[in-house]
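To convert, note that position 99 of the sequence shown is 123 in the numbering used here; the numbers rise steadily by one, no gaps.
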Amino acid sequence: MKKHGWAAALYLILSATGCNDFDSFGSDLLDTGWINAKADEIVDLDAGPAAPDSIISFYGSTALGAPGFVNTAFPLGIMEDPLFGHSEAGLGTQLRFIPTNDLSFLHSTLDSIVLSFRFDTSLFYGKYLEPMDIAVYGLSNAYDINTTYFSNDELPYEPTLKFGQLSNYVVNKTDSIIIREDTLERTLYPQLRIPLDTGLLMGIFRSYPDTVYFVVDSFSNVFNGIAVVCEKGNGYLSLMPEHSDSKLSIYYKDTSGRQLRTELIMSSFAVKTPFYRRDPAGSLAAACYDGTIPGDSLLVMQGAGGRDIRLKMPVEQRWKGKFINYAVLKFAVADIPGVDLENYPLPSLLQIFDVSTGTRIAIDDVALASGSSSRYLRVFGGAPEKVEDNGQTRYIYRMNVTRHFQKALKSGTDFDLVVSPFAKLESPARLVWFGRNNAQYGAKLELTFSE
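Structure follows, in structure tokens:
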């Protein structure tokens with residue numbers, strides 16, 4: 025998984041488990057024995073769609089004055105998904121001006137203004153090579169760095185304040201380069217560059233008093249920021265506004281004709297929030313959400329602000345006298361029309377929260393697995409595994425919940441869990457699992473125990 029994804033994920037884990045009291049019970053489970061353990065008992069799971077939830081997308085500033093948390097990658101696009109219906113995503117961001125005494129750009133001959141973003145190609149999704157219309161608008165209201173923003177917050181922008189547009193944009197794969205390191209491979213595409221309306225923007229910038237450009241954060245306090253939205257397309261790109269290549273560049277000439285440039289940046293100190301819209305009407309996902317297709321048959325999950333899967337199971341008294349060596353959740357990806365893994369890849373990693381108290385708290389097995397991708401996969405799992413079954417390729421997700429199960433058994437607390445994509449707000453990846461009624465690949469909990 026991406027380094028930035030793991031940084032964000034680790035932050036969320038530590039935040040979510042901050043109130044957990046860890047004991048030594050089960051601390052010897054940090055090994056790979058669960059992966060090949062043979063089940064002594066298989067338990068069917070009562071599962072279905074989790075209720076729509078709102079996730080924090082930006083924490084207010086910390087005691088040190090820095091933003092507490094912000095997404096690193098932001099999906100941008102529109103998609104008509106054959107299984108999940110219509111969805112779209114974009115972002116809003118502050119622009120920060122680094123104080124300077126050189127304000128010649130305000131009074132010189134302007135060549136152009138360009139907004140550029142570096143891509144995270146690992147999170148491109150859907151049919152993103154179809155032409156896109158991408159637009160940039162002015163935000164209606166200024167961000168407040170002391171405010172906490174959520175994934176279901178609307179992003180109000182001014183339709184009449186359109187700073188620029190890129191029509192029929194297609195990602196340039198021809199000039200991409202491939203970087204290989206050990207077993208990892210990444211494709212780098214030329215960055216997204218959106219030409220902006222020079223007259224409109226400079227009219228705004230020149231209307232401010234010069235003092236706005238001399239004091240830190242003064243510019244962000246008077247210029248509300250920008251919204252980047254997709255108005256046509258059938259897939260998602262992924263933008264990294266904090267990257268050093270992501271900026272608004274003002275190109276101009278001085279009195280001698282020399283080409284100069286002034287930049288406004290979207291650093292970690294700038295407030296940035298994603299926004300998502302969904303309309304699953306008429307889709308398979310909608311039928312799963314309203315119960316027309318019960319969770320016993322199919323289970324659906326969607327990232328980028330979509331809905332998760334909720335699991336419930338009573339803790340049986342008959343397990344009280346046994347020592348649970350391993351408890352492993354197992355799900356199979358449904359091979360139904362529309363799954364189309366070529367265009368809609370599976371989520372690369374999942375996590376599990378205990379919601380029995382009404383608050384999402386990462387289960388101990390997830391918290392203990394954090395630190396690196398290899399450790400996470402070894403201790404908890406949560407990644408799709410490719411298996412061959414009678415000449416058919418299938419994908420299985422397995423998750424080690426042994427520690428959580430042992431603690432639930434000890435306390436007599438029933439299972440009430442939510443399974444969610446890792447770094448959920450950054451990736452629109454979705455999946456469909458078989459429910460428990462599938463005879464061969466049903467959702468199940470596998471227990472290995474001793475008396």
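Don't be surprised by glycine CBs; every beta carbon is placed ideally from N, CA and C.
Contact belief for residue i with residue j at Cβ below 8 Å, rounded distance in angstroms
i      : j      : result
Leu455 : Val357 : 6 Å
Pro533 : Ala453 : The requested residue 533 is not part of the displayed model; the chain covers only 25 to 475.
Tyr149 : Tyr260 : 4 Å
Leu147 : Pro298 : Rounded, the Cβ-Cβ distance is 12 Å, inconsistent with contact.
Leu469 : Met337 : 7 Å
Leu374 : Ser451 : Wrong, their Cβ atoms sit about 11 Å apart, outside the cutoff.
Gly109 : Asp303 : 6 Å
Host alpha helix (DSSP H) of residue i (start-end)
i      : result
Leu401 : Ser397 to Val403
Ala432 : Thr426 to Ser435
Gly57  : Gly57 to Asn60
Ser242 : Ser242 to Val246
Euclidean distance between Cα positions of residue i and residue j
i      : j      : result
Ser51  : Pro408 : Model confidence at Ser51 stands at a pLDDT of 42, short of 50, so the residue's coordinates are unreliable; what they give is reported in the following sentence. Rounded to whole angstroms, Ser51 to Pro408 spans 26 Å at the Cα level.
Ser394 : Glu255 : 38 Å
Met24  : Tyr83  : Because the chain in this structure spans residues 25 to 475, residue 24 falls outside the shown range and cannot be described.
Val324 : Leu224 : 45 Å
Arg460 : Asp320 : 5 Å
Ala31  : Thr381 : With a pLDDT of 40 at Ala31, under the threshold of 50, the modelled position of this residue cannot be trusted; read the value that follows with caution. The alpha-carbon atoms of Ala31 and Thr381 are separated by roughly 27 Å.
Asn196 : Leu179 : 29 Å
Leu34  : Ile348 : Annotation note: pLDDT 46 at Leu34 (below 50); position unreliable, coordinate value reported separately. If I take the Cα positions, the gap works out to 28 Å.
Val295 : Phe98  : 13 Å
Tyr181 : Val239 : 26 Å
Gly72  : Phe129 : 57 Å
Arg217 : Leu134 : 18 Å
Tyr161 : Asp440 : 42 Å
Pro155 : Val138 : 20 Å
Asn165 : Ser175 : 17 Å
Ile66  : Thr56  : 20 Å
Gly436 : Val339 : 6 Å
Asp64  : Val390 : 24 Å
Ile289 : Leu119 : 6 Å
Arg334 : Thr222 : 50 Å
Arg402 : Asn60  : 12 Å
Leu272 : Gln430 : 53 Å
Tyr313 : Ala159 : 32 Å
Local Cβ density within 10 Å of residue i, reported as buried at 16 or more and exposed below that
i      : result
Gly406 : buried
Ala467 : buried
Ala74  : buried
Gly315 : exposed
Asn95  : buried
Lys410 : exposed
Asp438 : exposed
Pro233 : exposed
Pro76  : exposed
Arg282 : exposed
Gly415 : exposed
Asn424 : buried
Pro106 : exposed
Pro123 : exposed
Val379 : buried
Lys344 : exposed
Leu392 : buried
Ser81  : buried
Asp278 : exposed
Val6   : Given a span of 25 to 475 for the chain in the structure shown, any question on residue 6 remains unanswerable.
Residue range of the unbroken beta strand (DSSP E) whose run includes residue i
i      : result
Ala391 : Not the beta strand (DSSP E): Ala391 falls in the alpha helix (DSSP H), residues Asp388 to Ala393.
Lys217 : Sequence inspection shows Arg at residue 217; the Lys mentioned does not correspond to that position. Its beta strand (DSSP E) spans residues Leu216 to Pro219.
Arg230 : Run containing Arg230: none in the beta strand (DSSP E); it sits in the alpha helix (DSSP H), Thr222 to Ser231.
Gly72  : Asp70 to Pro73
Ala447 : Taken as a continuous stretch (DSSP letters only), Ala447 belongs to no beta strand (DSSP E), as it is neither H nor E.
Glu266 : Unbroken run through Glu266: none, as it is neither H nor E.
Glu182 : Tyr181 to Tyr193
Asp378 : Leu374 to Asp378
Ala63  : No beta strand (DSSP E) contains Ala63, which DSSP labels as neither H nor E.
Exercise for the section: Please list the segments of the alpha helix (DSSP H) lying wholly inside the segment 281-358, counting only runs of 4 or more residues, in order along the chain. Expected result: 308-313
Practice task
Tell me the start and end of each unbroken beta strand (DSSP E) in the segment 76-138 that is at least 3 residues and wholly inside, in chain order.
Solution key: 80-85, 91-94, 98-105 and 109-117
Problem - Minimum length 4: unbroken alpha helix (DSSP H) runs contained in the segment 149-179 - result: none
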